[in-house]
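Going by my numbering, the first residue of the sequence shown is number 16, and it counts up by one from there.
Just so you know, even glycine gets a beta-carbon here, dropped at the ideal spot from N, CA and C.
One structure is given below, encoded as C-alpha cells.
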Amino acid sequence: MSEERKYWVPALEKADKVLTVLAQEPAKHKLIDLSKKLEINKSSMFSLLSTMETLGWVKRAAGDTYTLGHTFAEFGSSYLKQYDLHPFFMDEAVAVRDRLQETIQLAKRIDDQVLYMGKVEANSPVRLQSEPGMRLPAHATALGKAMLSQLSDHERLALYPQVDLPKLTPHTIDNRNELFAQLDVIRKQGYALDDQESVMGFRCVAAPIMAGNNANQAAAVSCSMLLHQWEVKSNQAIEEMKGLAQRLSLPNHNL
C-alpha cells in the first residue's frame, strides 16, 4: 500500500465522486442515477446523500434530483478571500467595465484548467455562463491561453502529453501542436484571444498577471463581448486588458 493510500477514507472518496458529478451536472441525477453512474450501492448512496444534505453539501431539487448545497457557496467565498488579488481586481475592474461596457473576469490556472475567481458584469441582457468557482479547459479560453503562454516547453508538455484536445465548440483548438504555436505568439504579444472557442457568439481577450518577477503565470484578466461589438471595441479591449493586468501584477499580491 502506498503512503498516499495508507490513511485513505473510502467514504470521503465516494462523497467526492458524488459532489464532482453534481458540480458538472446539477439537478440531473436522482439517487438511483447516481448509484448506477458511480457504481455505489443504493444503501450506501442513500446514507451519503442523507448525510451530505444535513451538512448542506447537497440539496434536493425538483423531481428528487440533487444539486450542490449552500455550504459550497460559503466554501467558495472563503476560498476566494484567501487571494488578496481578488479585492484589487474588483476595485480596478469596475472602471474598466464602465469604459468598455463589457464583462471583465479574473481567473487562475489549476493544472490544465481555468478557475474563475472574480467577475464584474456588464449591464447587458446577455450574460456569460462563466461564474466564480466554475472551471473550463485552459486551452479553450483566452484566460487559459494567456497563462499557458508563460510556461516553458517542458511544463506545457507535462500538462498536455496527449496530442488531441477536447473541443467545446467547432472553433476550439483541438491539436496540441497548434496550441503550442499559438502560445508562442501570445507570449510575444502579451495577450490572448478566444474567437468563439469556449462559447459560440462571443470573442474574448485576456492578459496574464505577473506574480512579482515570476514568469510562471498564476492569474489572468479578460474581457468578453458579442461578435458585433468586437469589431468596434477590440483595440480598446486589448489595451485595457494589458493595462489592467499590469496594474495587478505587483509583488505583494498573493496569487
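Residue i in three-state terms, based on DSSP
| i | result |
| --- | --- |
| Leu166 | coil |
| Ala26 | helix |
| Lys21 | helix |
| Val178 | coil |
| Arg333 | Not covered by the structure: residue 333. The range shown for the chain is 16 to 270. |
| Thr86 | helix |
| Leu121 | strand |
| Ala234 | strand |
| Asn228 | Because Asn228 sits at a pLDDT of 48, beneath the cut-off of 50, its placement in the model cannot be relied upon, and the point is left open. |
| Ala42 | coil |
| Val36 | helix |
| Ala76 | coil |
| Ala157 | helix |
| Leu147 | The sequence as given places Pro at residue 147; Leu does not occur at that position. Of the three classes helix, strand and coil, the one that applies to Pro147 here is coil, per DSSP. |
| Val109 | helix |
Top-ranked residue by Cα proximity to residue i, from the options
| i | options | result |
| --- | --- | --- |
| Cys219 | Met225, Ala233, Lys203 and Glu246 | Glu246 |
| Lys32 | Thr69, Val73, His101 and Met256 | Val73 |
| Arg114 | Gln165, Leu166, Trp23 and Gln251 | Gln251 |
| Ile47 | Leu37, Val178, Met60 and Ala38 | Met60 |
| Gln120 | Tyr81, Pro223 and His243 | Pro223 |
| Leu241 | Leu27, Gln116 and Lys51 | Gln116 |
| Glu28 | Met149, Glu54 and Gln39 | Glu54 |
Span of the beta strand (DSSP E), counted from its first residue to its last, around residue i
| i | result |
| --- | --- |
| Val129 | Gln128 to Val135 |
| Leu83 | Tyr81 to Leu83 |
Unbroken alpha helix (DSSP H) run spanning residue i, endpoints
| i | result |
| --- | --- |
| Leu70 | Lys57 to Leu70 |
| Pro152 | Careful: Pro152 lies outside any alpha helix (DSSP H), inside the beta strand (DSSP E) at Arg150 to Pro152. |
| Lys257 | Leu242 to Leu263 |
Q: Could you tell me whether the region 186 to 205 touches the region 121 to 135, using the rule of 3 or more Cβ pairs below 8 Å?
A: no
Q | Given 8 Å, three or more beta-carbon pairs between the region 144 to 162 and the region 200 to 214 | A | yes
Q) Whole alpha helix (DSSP H) runs in the region 186 to 212 with 4 or more residues, listed along the chain? A) 191 to 204
Q) Does the region 243 to 262 come within contact of the region 167 to 175, defined as at least 3 CB pairs closer than 8 Å? A) no
Q: Examine the Cβ distances between the region 151 to 162 and the region 202 to 211 and report whether three or more of them are shorter than 8 Å.
A: With a cut-off of 8 Å on Cβ pairs, the region 151 to 162 is in contact with the region 202 to 211, counting three or more such pairs.
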